[in-house]
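As structure tokens, the structure follows; a few thoughts come after it.
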Amino acid sequence: MRKRIGRSDILFIAGCLIVGVLFWFIQDQQRATGAMIRIQIDGQEYGTYSLKEDRKIPIEINGRQTNQVTIQNEAATMTEADCPDHLCMHQRSIRKVNESIVCLPNKVVVTVIDPNAEETDIDVIAK
Amino acid sequence: MKREMRQNSVAYLGVCISVALILSYVESLIPFYFGIPGVKLGLTNLIIVIMLYQTGEKQAFMVSILRILLAGLLFGNLFSILYSLAGGILSLFMMAVWKRTGWFHIVSISVIGGITHNIAQLIVASLIVQTFHILYYGPMLLIAGVVTGLLIGILAQEMVLRLDKIS
């Protein structure tokens, strides 16, 4: 009978987990709670909104409302989407810098930003 | 010799594609959300891993590509095809390469598949939406790939051991 698992497998899998958890931990230490969210559609900026005030933001593409972002308790969630899978609506709420919600069919990206540190952004340089 | 002929037959590969399609369908039925974009259980990888060990790289590759095209047309859209193709091709390629080295057992090969599938999808997603912020989810997708790959790998391992006995 063939062996099911060997030493190399355990080392490999444990290594992957450790690397993942380590990076996650480092990221978690670095990120701060953001003050604003930025909404982008197909790489173009749609608007920035403060996380401090609760509100609903309808997103319109070519005059048709495709998505709705809701800000509540200083966190943003996607509350409406017209795409078939609704994956973006199941994503967790975002409140920390660089956390994002992506609606791939509509190419809508919602990202938490820190308005004070924005100039170091890769996207800004690329523009 | 006889076994090789059987496993290259249209009927055998047809059954493999059917099983892979059924698994795609089952996966599209289960609402399996982790709250992280791009994470899926990857049930179809089960049949691909089994084929990699039981049948061969070429056949696994054919079944994988056809499965993605058919599942995309049946349950998805052009986006999901593009998406899945990137994940499917890269993960199968990496699994085949690492299998050839002979260092690892099935479980690790499946984990490699899970990780590369997630990474490829993340890269395609960040190209489509033209923002690299979502690369931020890399570590989470790495961990998710290990966990789902491990589950699928254990299943595939048990299946291969039993299939070896009957064939």
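Line by line, the protein sequences give chains U and X. When you read off a place in the first sequence, starting at 1, and then add 1482, the result is the number in the numbering used here. Residue numbers are given in the numbering used here: position 154 of the second sequence equals residue 148, and the series is strictly consecutive. All C-beta atoms, glycine included, are put in the ideal place defined by N, C-alpha and C.
If contacts are defined as beta-carbon pairs under 8 Å, then residue i and residue j qualify, I think. What distance do you get, rounded to the angstrom?
i         : j         : result
U:Ile1521 : U:Ile1543 : Between U:Ile1543 and U:Ile1521 the Cβ distance is about 11 Å, and since that is not below 8 Å, they are no contact.
U:Thr1530 : U:Ile1519 : 7 Å
X:Ile146  : X:Gly108  : 7 Å
X:Phe98   : U:Asp1491 : 6 Å
X:Phe55   : X:Leu86   : 6 Å
U:Ala1563 : U:Thr1552 : The Cβ separation is near 12 Å, so there is no contact.
X:Glu21   : X:Leu37   : 5 Å
X:Ile117  : X:Ala150  : Contact flag wrong, Cβ pair sits at about 25 Å.
Can you confirm whether residue i, when its beta carbon is compared against all beta carbons of chain X, has any partner nearer than 8 Å?
i         : result
U:Val1501 : yes
U:Asn1555 : no
U:Ser1582 : yes
U:Thr1602 : At U:Thr1602 the pLDDT is 48, less than 50, meaning the model places this residue with poor confidence and gives no usable figure here.
U:Arg1489 : no
U:Val1551 : no
U:Gln1512 : no
U:Ile1543 : no
U:Leu1533 : no
U:Ile1539 : no
Could you tell me the boundaries of the beta strand (DSSP E) in which residue i lies?
i         : result
U:Gln1554 : 1546 to 1554
U:Arg1520 : 1518 to 1523
U:Thr1559 : 1557 to 1563
U:Arg1537 : 1537 to 1543
U:Gly1529 : 1526 to 1532
U:Val1594 : 1590 to 1595
U:Ser1582 : 1582 to 1585
Straight-line CA distance for residue i to residue j?
i         : j         : result
X:Val57   : X:Pro133  : 30 Å
X:Ser3    : X:Ile160  : 18 Å
X:Thr110  : X:Thr142  : 12 Å
X:Ala114  : X:Lys34   : 13 Å
U:Ile1523 : X:Ala119  : 13 Å
U:Gly1516 : U:Val1584 : 17 Å
X:Tyr47   : X:Lys93   : 9 Å
X:Tyr131  : U:Ser1582 : 9 Å
U:Phe1507 : X:Ala14   : 36 Å
X:Arg61   : U:Gly1497 : 32 Å
X:Ile83   : X:Leu144  : 20 Å
X:Thr49   : U:Val1591 : 42 Å
X:Tyr19   : X:Phe69   : 7 Å
U:Met1483 : X:Arg156  : Per-residue confidence for U:Met1483 stands at a pLDDT of 45, beneath the threshold of 50, marking its modelled position as unreliable; the derived number appears in the next sentence. Each residue's alpha carbon lies about 10 Å from the other.
X:Ser12   : U:Cys1565 : 27 Å
X:Leu7    : U:Leu1533 : 54 Å
X:Glu152  : X:Val105  : 15 Å
X:Ile137  : X:Ala80   : 20 Å
U:Asp1510 : U:Gln1573 : 18 Å
U:Glu1535 : U:Leu1586 : 27 Å
Using a Cβ cut-off of 8 Å (strictly closer), state whether residue i contacts chain U.
i        : result
X:Ala114 : no
X:Ser162 : Residue 162 of chain X lies beyond the residue range present for chain X, which begins at -5 and ends at 161; the question has no answer from this structure.
X:Met45  : no
X:Met134 : yes
X:Phe87  : no
What first and last residue would you give for the alpha helix (DSSP H) that runs through residue i?
i         : result
U:Gly1488 : No alpha helix (DSSP H) contains U:Gly1488, which DSSP labels as neither H nor E.
X:Leu10   : Looking at the sequence shown, residue 10 of chain X is not Leu but Cys. Counting along the chain, the alpha helix (DSSP H) containing X:Cys10 begins and ends at 4 to 23.
X:Gly36   : X:Gly36 -> no alpha helix (DSSP H), and no H or E assigned at all.
X:Lys159  : 132 to 160
Legend entry - Start-end ranges of the alpha helix (DSSP H) lying completely within the segment 44 to 120 of chain X, minimum 4 residues: Taking only runs of at least 4 residues, the alpha helix (DSSP H) segments lying wholly in the segment 44 to 120 of chain X are 51 to 69, 72 to 95.
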